[in-house]
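Have a look at the structure below before the remarks.
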Amino acid sequence: MRKAEKRTLAPKEASTRVTLSAALESYLEHIHGLQLRYGAVRVSDLAKKVGCRMPTVTSTLRRLGDLGLVNYEKYRPVTLTQLGVKAVKRLDIHQKALTDFLTNVLGVEDDLVEEEACFLEHHFSTKLLSRIRRYMEFIRSVPSFQKFLNTQRAEFVNFLSRNSTSSQKDQGKSEKISS
Numbered sequence: 003m004r005k006a007e008k009r010t011l012a013p014k015e016a017s018t019r020v021t022l023s024a025a026l027e028s029y030l031e032h033i034h035g036l037q038l039r040y041g042a043v044r045v046s047d048l049a050k051k052v053g054c055r056m057p058t059v060t061s062t063l064r065r066l067g068d069l070g071l072v073n074y075e076k077y078r079p080v081t082l083t084q085l086g087v088k089a090v091k092r093l094d095i096h097q098k099a100l101t102d103f104l105t106n107v108l109g110v111e112d113d114l115v116e117e118e119a120c121f122l123e124h125h126f127s128t129k130l131l132s133r134i135r136r137y138m139e140f141i142r143s144v145p146s147f148q149k150f151l152n153t154q155r156a157e158f159v160n161f162l163s164r165n166s167t168s169s170q171k172d173q174g175k176s177e178k179i180s181s
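Numbered per this note's numbering, the sequence shown finishes at 181, counting up by one with no gaps.
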């Protein structure tokens, strides 16, 4: 299996680029969620949210601070910088495109789609995520294709339900997505 891609984005200076791992992206999303809820984020709240010990969280916050993505000082609340907010918005756009694709093309069930989209968002390349987003834009722009896709999705979901037992035998019990 391919190692998770690290994504790059342009920080304050256009000549340099920042590399983000899936873990750093996840931290940004957690900080954003807590910041929306509480205004500023305490390190202890973030540690609970991500399920890590405080030293691990502070080390990660220092790294995000060095990258210009968060405002972090010891014993102070954490907030996203403008660059951090931009990164989270980009991640959100990609996750929405994946959710749309998984739901409307593959017929993935509502109870699984968010978790799967979140996982894939951190492991697909930026190029592939952009392609999926553009594909979904294309589908929305061509009404006849949208109608065709709706029919095909329904047939695919029926196919999955008819063949779910043989498919599970072939792939083992680890298959999460089924109809």
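Note that the Cβ used here is the ideal one computed from N, Cα and C, for glycine as well. All figures in this text were calculated on a predicted structure; none of them were measured in a lab.
* **Where Q154 falls, given that 16 or more other Cβ within 10 Å makes a residue buried** => exposed
* To do: Kindly indicate which residue of G70, L48, L69 has the alpha-carbon position closest to the one of T60.
  => L48
* Asked: Any contact of the segment 130 to 149 with the segment 82 to 102, i.e. 3+ C-beta pairs under 8 Å?
  -> yes
* Could you tell me which residues DSSP puts in a beta bridge with T62? => Note: T62 sits in no beta bridge, so no partner.
* Asked: If you compare alpha carbons, which of H34, L162, Q148, F147 is closest to D1?
  -> The structure shown has nothing for residue 1, since the chain only spans 3 to 181.
* Under 8 Å by Cβ, that's how I've got G2 and V159 pegged, so tell me the actual separation to the nearest angstrom. => The chain is shown from 3 up to 181; residue 2 falls before or after that span and cannot be answered.
* My guess is that V63 and V72 are in contact by the Cβ rule of under 8 Å, so how many angstroms apart are they, rounded? -> A small correction: the amino acid at residue 63 is Leu; Val does not occupy that position in the sequence shown. With a Cβ gap of about 6 Å, L63 and V72 count as contacting.
* How many Å lie between T83 and N106 at the Cα? -> 34 Å
* To do: For G41, count neighbouring C-beta atoms within 10 Å of its own C-beta (all shown protein chains included) and say buried if the count is 16 or more, exposed if not.
  => exposed
* For L30 versus V90, is the C-beta spacing smaller than 8 Å? -> yes
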